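Asks: Here's a structure for you.
In structure tokens form, the structure reads like this:
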């Protein structure tokens with residue numbers, strides 16, 4: 001997969017087992033036709049690329065959020081707090097631990113949206129419980 005121009009490797013079987021969106025996508029269904037909204041405006045060429053093992057573009061979420069989604073799909077756990085001292089556009093405090101600041105809330109909301117988008121309800125519930 002390609003997210004924000006970066007290559008991200010993942011196993012189809014894990015994605016399909018843990019995500020309604022990917023289960024339908026890899027089964028040959030266009031998720032936009034089955035009640036799960038298409039994350040990439042999937043066309044026939046994107047579906048053919050997936051079937052042939054090609055790179056699938058993911059344009060609906062950012063790189064950081066997609067990696068956290070994958071972390072959850074693989075492990076059942078996720079760290080919803082941005083990394084300390086990681087530059088965040090909405091938190092100017094260099095010593096912030098990002099536990100309840102705007103950056104942490106924004107990240108949680110992005111993860112919540114991605115969880116709903118990709119049909120990962122367990123992640124959505126976990127994220128909702130972590131919101132301050």
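Numbering (UniProt numbering), first residue to last: 1 to 132.
We put the beta carbon where it would ideally sit given N, CA and C, even for glycine.
Source: prediction; values computed, not measured.
#1: Starting from residue 65, follow the alpha helix (DSSP H) in both directions and report where the run begins and ends.
#2: So, is residue 28 buried or exposed, given that buried needs 16 or more other C-beta atoms within 10 angstroms?
#3: Flag this pair as yes or no: are the beta carbons of residue 120 and residue 73 separated by less than 8 Å?
#4: Rounded to whole angstroms, what is the Cα-Cα separation between residue 111 and residue 4?
#5: Leaving aside the five residues before and after residue 78 along the sequence, list all residues of the same chain whose C-beta is less than 6 Å from its C-beta, in chain order.
#6: What's the C-alpha gap between residue 25 and residue 130?
#7: Taking only the alpha-carbon atoms, compute the straight-line gap between residue 117 and residue 21 and give it to the nearest angstrom.
#8: What does the alpha-carbon distance come out to for the pair residue 13 and residue 23?
#9: Please return the same chain residues whose Cβ sits closer than 7 Å to the Cβ of residue 124, not counting the five positions on each side in sequence.
#10: Leaving aside the five residues before and after residue 139 along the sequence, list all residues of the same chain whose C-beta is less than 8 Å from its C-beta, in chain order.
#11: Taking C-alpha atoms, which residue in 57, 108, 76, 102 lies nearest to residue 65?
#12: What does the alpha-carbon distance come out to for the pair residue 80 and residue 103?
#13: Can you tell me where the alpha helix (DSSP H) with residue 135 in it begins and where it stops?
Replies: For this structure:
#1: Run containing residue 65: 63 to 75, per the alpha helix (DSSP H) assignment.
#2: It is exposed - the Cβ of residue 28 has fewer than 16 other Cβ atoms within 10 Å.
#3: A contact, by the Cβ cut-off of 8 Å.
#4: Going by the C-alpha atoms only, they are around 16 Å apart.
#5: The beta carbon of residue 78 lies closer than 6 Å to those of 68, 71, 72 in the same chain, with the five residues before and after it left out.
#6: C-alpha separation (whole angstroms): 29 Å.
#7: The straight-line gap from Cα to Cα measures roughly 8 Å.
#8: Rounded to the nearest whole angstrom, the CA to CA distance from residue 13 to residue 23 is 9 Å.
#9: Once the five neighbours on either side are set aside, the close Cβ partners of residue 124 are 112, 115, 116.
#10: The requested residue 139 does not occur in the structure, where the chain is confined to residues 1 to 132.
#11: Of all alpha-carbon atoms in 57, 108, 76, 102, the one lying nearest the alpha-carbon of residue 65 is that of 108.
#12: Each residue's Cα considered, the two are about 11 Å apart.
#13: The requested residue 135 is not part of the displayed model; the chain covers only 1 to 132.
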